[in-house]
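Only one structure is covered here, and it is reproduced in the block below.
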Amino acid sequence: MGRRVPDDLAIVGFDDIPIASLVTPALTTCRIPRHALGATAMELLLDRIRGDEAVVRETVLEPELVVRASAP
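Residue numbering for the sequence shown is 380 to 451, as defined by the numbering used here.
Pasting the structure below:
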């Protein structure tokens, strides 16, 4: 289509997979805190196993914007 990244079109991915920094142009992405996500999921699972089904909790895991060449 003749479009140039990032001159004509910016591209942003999600999850910051390893190849995101290796492609040309390098992909701007949102990085999620995978360790915190897994730890939180495990805590919720353990609460359920212990019978704490009534426990309701809101957890916000902040993503990090990793700016690379695809969206200056």
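Just so you know, even glycine gets a beta-carbon here, dropped at the ideal spot from N, CA and C.
Would you mind sorting R447 into buried or exposed? The rule is 16 or more other CB atoms within 10 Å of its CB.
Answer is buried; the Cβ neighbour count reaches 16.
Using three-state DSSP, classify T419 as helix, strand or coil.
In this structure, T419 counts as helix in the three-state DSSP scheme.
Can you tell me whether R429 is helix, strand or coil according to DSSP?
Coil, per DSSP.
Please state whether the Cβ-Cβ distance between L444 and I411 is less than 9 Å.
In this structure, L444 keeps its C-beta atom at 9 Å or more from the C-beta atom of I411.
Distance between D426 and E432 (C-alpha atoms, nearest Å)
Each residue's alpha carbon lies about 7 Å from the other.
Considering only the alpha carbon of each residue, which of A450, A420, S449 and I428 lies closest to T438?
It is A420 whose Cα lies nearest to the Cα of T438.
Closest by CA to V391, which one among M380, T407 and R383?
Ranking M380, T407 and R383 by CA distance to the CA of V391 puts T407 first.
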